[in-house]
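**Student:** To start, I am sharing the structure in question, which I have written as structure tokens.
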Amino acid sequence: MSALHGKVALVTGAGRGIGAAIARALVRDGAAVVLSDVLDADGEALAAELGQHFLHLDVTDSAAWTAVVADVVERHGRLDVLVNNAGIATTASVAKQELEEWNRVLEVNLTGTFLGIQAAARVMRPRGSGSIVNLSSVDGLRGNAALHAYTASKFGVTGITKSTGIELGRHGIRVNSVHPGLIATEMTSHLDPESFSIPLGVAGSPDEVAELVAFLASDASRYSTASEFVVDGGITACLPHR
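With positions in the sequence shown counted from 1, the corresponding number in my numbering is that position plus 139.
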């Protein structure tokens, strides 16, 4: 029997990149997966390929979260797994960081994650079980001089994972964070892995992140909560040499 057989999962930012890889891995492991994104064409195409369902979701909209979770429960009768993957990043120095841009990054990455936890917990709590996986970053564990808003948001995701994991544990709901390093996606195609002093020497793949998420979604990780799981090729353990 597959590790996620009988489970129902909702994945945000599932249209492409890491989110798409996560959706594929969860379906492969037996879950019914509802994909969500603001990229409707990408999300619908992948959902059709996987034989799953797609819903438009702006993660900054509380009412939209309530509606999407209600749709998942109406369609499948339950929600067992939420993967808060949707996120954005912008680059700016302290001097040039625009407040509007700062607020938008925190709104999507941090507030969007909190709203997802809140909406999922409402329907998981009566069942007494559930797994919420929040995509943070290695920049939620260390500083990054080029990504102030992103770094602040991802440290926030690390923190909200711990506080909600503590609160929701007594209801059987686990909350964990995943911290990717340099992952080869469309968003990072302009970056040179050799400039990052990665001990394993290469960028990671979305599939490698997805495998860790699938583990945290499954009952194999049933004693893990309020914790960080790093998939970074060793980069956070390494002092930069270049």
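Where a beta carbon is used, it is the ideal one built from N, C-alpha and C, also for glycine.
1. With DSSP as the reference, please indicate the residues paired to R264 in a beta bridge.
2. With DSSP collapsed to three states, give me the class of V198.
3. Given R266, which residues of its chain have a CB within under 7 Å of its CB, disregarding the five upstream and five downstream residues?
4. Would you list the one or two residues that DSSP bridges to S357?
5. Pick helix, strand or coil for E188, following the three-state DSSP scheme.
6. So, helix, strand or coil for E367, using DSSP?
7. Return the CA-CA distance between I337 and C377, expressed in angstroms with no decimal places.
8. What does a CB cutoff of less than 8 Å around V208 pick up in its chain, not counting 5 residues either side in sequence?
9. Start and end of the alpha helix (DSSP H) containing V166?
10. If you run the structure through DSSP and keep just helix, strand and coil, what is E144?
11. Taking only the alpha-carbon atoms, compute the straight-line gap between E367 and L355 and give it to the nearest angstrom.
12. Using only the alpha-carbon positions, how far apart do V178 and E325 sit?
13. Excluding five sequence neighbours on each side, which residues of the same chain lie with their C-beta closer than 8 Å to the C-beta of S268?
14. Let me confirm a value: S275 is counted as buried when at least 16 other C-beta atoms fall within 10 Å, else exposed. Which label applies?
15. Whole-angstrom Cβ separation of L249 and G295, contact assumed at under 8 Å?
16. Quick one: what's H318 bridged to in DSSP?
17. What runs of the beta strand (DSSP E), each 3 residues or longer, lie entirely inside the segment 222 to 295?
18. Could you tell me how far apart the beta carbons of A160 and D346 are, in whole angstroms, since I believe they sit closer than 8 Å?
19. Is the Cβ-Cβ distance between G251 and V198 less than 8 Å?
**Tutor:** Based on what the coordinates show:
1. The sequence position of residue 264 within the sequence shown is 125, counting from 1. Paired residue(s): none; R264 is not in a bridge.
2. Indexing the sequence shown from 1 puts residue 198 at position 59. Coil, per DSSP.
3. Working through the sequence shown from its first residue, we reach residue 266 at position 127. The answer, listed in chain order, is R217.
4. One-based indexing of the sequence shown puts residue 357 at position 218. Secondary-structure assignment with DSSP links S357 through no beta bridge to anything.
5. The count along the sequence shown starts at 1 and reaches residue 188 at position 49. E188: helix per DSSP, three-state reduction.
6. Translated into the one-based positions of the sequence shown, residue 367 becomes position 228. Looking at E367 - three-state DSSP - the assignment turns out to be strand.
7. Here residue 337 refers to the residue found at position 198 when the sequence shown is read from its first residue. Here residue 377 refers to the residue found at position 238 when the sequence shown is read from its first residue. Near 7 Å, if we compare the C-alpha coordinates of C377 and I337.
8. Residue numbering aside, residue 208 sits at position 69 when the sequence shown is read from its first letter. Answer for V208: L149, L218, A258, A259, R261, V262, listed in chain order.
9. Translated into the one-based positions of the sequence shown, residue 166 becomes position 27. Start and end: 156 to 167.
10. One-based indexing of the sequence shown puts residue 144 at position 5. Strictly speaking, residue 144 in this sequence is His, with Glu absent from that position. It is coil, neither helix nor strand.
11. Taking the first residue of the sequence shown as 1, we reach residue 367 at position 228. Taking the first residue of the sequence shown as 1, we reach residue 355 at position 216. Cα to Cα, E367 sits roughly 11 Å from L355.
12. The residue you call residue 178 lines up with position 39 of the sequence shown. The residue you call residue 325 lines up with position 186 of the sequence shown. The displayed chain sequence assigns Leu, not Val, to residue 178. Answer to the nearest angstrom: the Cα atoms are 14 Å apart.
13. Mapped onto the sequence shown, residue 268 falls at position 129. Excluding positions up to five away in sequence, the list reads D219, G311, I312.
14. The count along the sequence shown starts at 1 and reaches residue 275 at position 136. S275 is buried by the Cβ-count criterion.
15. Within the sequence shown, the letter at position 110 stands for residue 249. Within the sequence shown, the letter at position 156 stands for residue 295. Their Cβ separation, rounded to whole angstroms, is 4 Å, which keeps L249 and G295 in contact under 8 Å.
16. As a position in the sequence shown, residue 318 is number 179, starting the count at 1. In DSSP, H318 forms a bridge with V369.
17. As far as the segment 222 to 295 is concerned, its whole beta strand (DSSP E) runs of at least 3 residues are 269 to 274.
18. Taking the sequence shown and counting its residues from 1, one reaches residue 160 at position 21. Taking the sequence shown and counting its residues from 1, one reaches residue 346 at position 207. Right, the Cβ-Cβ distance comes to about 5 Å (below 8 Å), so this counts as a contact.
19. Position 112 of the sequence shown, counting from 1, holds the residue named residue 251. Position 59 of the sequence shown, counting from 1, holds the residue named residue 198. Yes.
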